Ligand SMILES: Nc1ncnc2c1ncn2[C@@H]1O[C@H](COP(=O)(O)OP(=O)(O)OP(=O)(O)O)[C@@H](O)[C@H]1O
Ligand SMILES: [Mg+2]
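Numbering (this note's numbering), first residue to last: 1 to 274.
The following block contains the structure:
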């Protein structure tokens, strides 16, 4: 059994890979990376009704993995570069071997995958952390569930300025519904639902456009999204809109929210199989 552990900026995921198949996934939150990794390992072993001795190796990845040594609770730790984990997971889970994989986590990372070639394309500090921070400041809301629930009834026309608002119709090949300026038209009628949706829209459109530019620069038609931010119900519609505008497809594979941990474990599994 290979246990993949992704110690991220907010959450830590663990996944158990048995003979290359994903058998269980858990998520924990702890601010100390070793506590988080040990907790996630314990939780996945308990979930499986297994014991520590069943684990052959730990594949560790994510920003917090730098804090781990060469073993954890007596089990050897192999560190997998986070971009390798993201690229491996995205392409394997989506079954696409030429794409930009976008990790939508606390921050955003873009990884270029072309066959076995995986490289870091770039990234942005605009991500899930931005969504949480702006929601706290603007709405005094700290729970992701409250924010997404509020956003369900939101109307972007009270907050965002569109191409149509400025030009009265489509212009230069841009439809009138395209965003000209996020938060560029905050009206006095804007309520909390409108603002919540506008925050989600700002974060997702910013990430989406970055990913599209990366895809275009590589002549790719596919973008694969992973990370916990993909769980937000509004994400897929917003990204689909960005994709449609630029002729690129966004794909959210199964297990997208735990993909980075899966990618780390898969990377070690595939290397051992060779
Ligand atoms: N249950 C949830 N549903 C939807 N979105 C969530 C949920 N939990 C967290 N998020 C969002 O996902 C973000 C964290 O994503 P994730 O856990 O993938 O990041 P991370 O791996 O900790 O960070 P990074 O990869 O940037 O180091 C949070 O900032 C929040 O916006
Ligand atoms: Mg992450």
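Note that beta-carbon positions come from the ideal geometry of N, C-alpha and C, so glycine has one too. The structure presented is a predicted model; accordingly, all values stated were derived computationally and were not measured.
Alpha carbon to alpha carbon, how far is residue j from residue i? Give it in angstroms, no decimals.
i	j	result
residue 23	residue 254	14 Å
residue 108	residue 230	12 Å
residue 187	residue 159	6 Å
residue 93	residue 189	43 Å
residue 96	residue 88	10 Å
residue 121	residue 259	18 Å
residue 262	residue 5	8 Å
residue 251	residue 191	32 Å
residue 150	residue 265	37 Å
residue 156	residue 224	26 Å
residue 165	residue 249	27 Å
residue 131	residue 144	9 Å
residue 273	residue 210	35 Å
residue 127	residue 205	11 Å
residue 234	residue 148	8 Å
residue 219	residue 54	44 Å
residue 26	residue 80	19 Å
residue 240	residue 52	43 Å
What are the partner residues of residue i, as DSSP defines its beta bridges?
i	result
residue 111	101, 120
residue 251	224
residue 7	12
residue 245	DSSP, once it has assigned bridges, lists no residue as partnering residue 245.
residue 79	60
Going by the CB atoms, is the gap between residue j and residue i shorter than 9 Å?
i	j	result
residue 13	residue 42	no
residue 134	residue 199	yes
residue 139	residue 228	no
residue 182	residue 197	no
residue 82	residue 65	yes
residue 124	residue 45	no
residue 17	residue 38	no
residue 1	residue 50	yes
residue 7	residue 33	yes
residue 85	residue 61	yes
residue 115	residue 136	no
Is residue i helix, strand or coil when you go by DSSP?
i	result
residue 130	helix
residue 179	strand
residue 71	strand
residue 60	strand
residue 155	coil
residue 54	helix
residue 237	helix
residue 27	strand
residue 142	coil
residue 162	strand
residue 277	With the chain covering only 1 through 274, there is no way to say anything about residue 277.
residue 21	strand
residue 185	coil
residue 96	coil
residue 232	coil
Return yes when the C-beta of residue i is under 8 Å from any heavy atom of ligand 3, and no when it is not.
i	result
residue 151	No copy of ligand 3 occurs in the structure displayed; its ligands are ligand 1 and ligand 2 alone.
Practice item. May I have all residues whose beta carbon comes closer than 6 Å to any heavy atom of ligand 2, sorted in chain order? Key: Residues with a Cβ closer than 6 Å to any heavy atom of ligand 2, in chain order: 6, 8, 62, 103, 105, 227, 260.
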